[in-house]
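Student: Residue numbers (the working numbering): 6 to 256.
Rendered as structure tokens:
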């Protein structure tokens, strides 16, 4: 085989193919380097974005934690404020209730004392009633005798002259006041048993009121406690009398 020098080889017909191949190889290398550079830049940007995201997440976390602490503090303050308000409210209500209980105890003590004097205080109406009827007497914590049946004029006068438990301002009750002593649909008095005494044995009695009739001054209203009934009666008729007096106004 004949040996050729490099110069001769390059001058041969193979020269164009070699140069073209070389240029193609260089082009491929340049493209690879460009792509590699692009990928490296994208990786760098991704790393930078990652660092920025981590930093932003840290800031967001701190902000969220601050907001949570703030909301928690506000909620606790609101709960404490509401708790204090409720405690004060119920404390006041308890104190008021205790005052009412104490007042009720004192009133009951007064009622017991007054009962021993022959009078009964109806807390619902603010009226003091004589436990006995006109004609009966109260002595040593007991009643004696039987009531007197009187005309209306006599009943009015006897109440003015009536003296019991140290009081001298007794009067005839109005019909509305007398009705508060009526038991609904049955005989007797609307009060605890043994408080108001009957005018006579086995009789609840018909009692005068101070209210006159609607159409004539010759009539006055009365209550028959034997039948729990209202009566319009001629004033000359005789009926029993239970005196009453005011002690305080009903709330």
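Every residue, glycine too, gets a C-beta built ideally from N, C-alpha and C. What you are looking at is a predicted structure, and each value in this text was computed from that prediction instead of being measured.
#1: If you draw a straight line from the C-alpha of residue 123 to the C-alpha of residue 170, how long is it?
#2: Whole angstroms are fine: how far does the CA of residue 110 sit from the CA of residue 241?
#3: Could you spell out the range, first to last residue, of the beta strand (DSSP E) harbouring residue 163?
#4: Is the Cβ of residue 100 closer than 7 Å to any Cβ of chain B?
#5: Need the endpoints of the beta strand (DSSP E) that residue 152 sits in, please.
#6: Assign residue 256 to one of two classes, buried (16 or more other C-beta atoms within 10 Å of its C-beta) or exposed (fewer than that).
#7: Please classify residue 140: does DSSP put it in a helix, a strand, or coil?
#8: Using a threshold of 7 Å, state whether the C-beta atoms of residue 237 and residue 218 are closer than that.
#9: Distance, Cα to Cα, residue 95 vs residue 89?
#10: Smallest Cα separation from residue 145: which of 235, 120 and 35?
#11: Do residue 188 and residue 221 have their CB atoms nearer than 7 Å?
#12: Which residues does DSSP pair with residue 134 in a beta bridge?
#13: When DSSP builds the beta bridges, which residues end up paired with residue 187?
#14: Is DSSP giving residue 95 helix, strand or coil here?
#15: Short check: CB of residue 200 to CB of residue 149, under 7 Å?
#16: Who does residue 229 pair with in a DSSP beta bridge?
Tutor: On the basis of the data shown:
#1: 7 Å
#2: 45 Å
#3: It is not in any beta strand (DSSP E) - residue 163 instead sits in the alpha helix (DSSP H) that spans 157 to 166.
#4: This model lacks chain B altogether, as it is built from one protein chain only.
#5: That residue, residue 152, is in no beta strand (DSSP E); it is neither H nor E in DSSP.
#6: Per-residue confidence for residue 256 stands at a pLDDT of 47, beneath the threshold of 50, marking its modelled position as unreliable; the derived number appears in the next sentence. By the neighbour-count rule (16 or more Cβ atoms within 10 Å), residue 256 is not buried but exposed.
#7: coil
#8: yes
#9: 10 Å
#10: Residue nearest to residue 145 within the set 235, 120 and 35 is 120 (criterion: CA-CA distance).
#11: No, the Cβ-Cβ distance between residue 188 and residue 221 is not below 7 Å.
#12: 125 and 249
#13: 194
#14: Secondary structure at residue 95: helix, using DSSP grouped into helix, strand and coil.
#15: No, the Cβ-Cβ distance between residue 200 and residue 149 is not below 7 Å.
#16: Its beta-bridge partners are 211 and 234.
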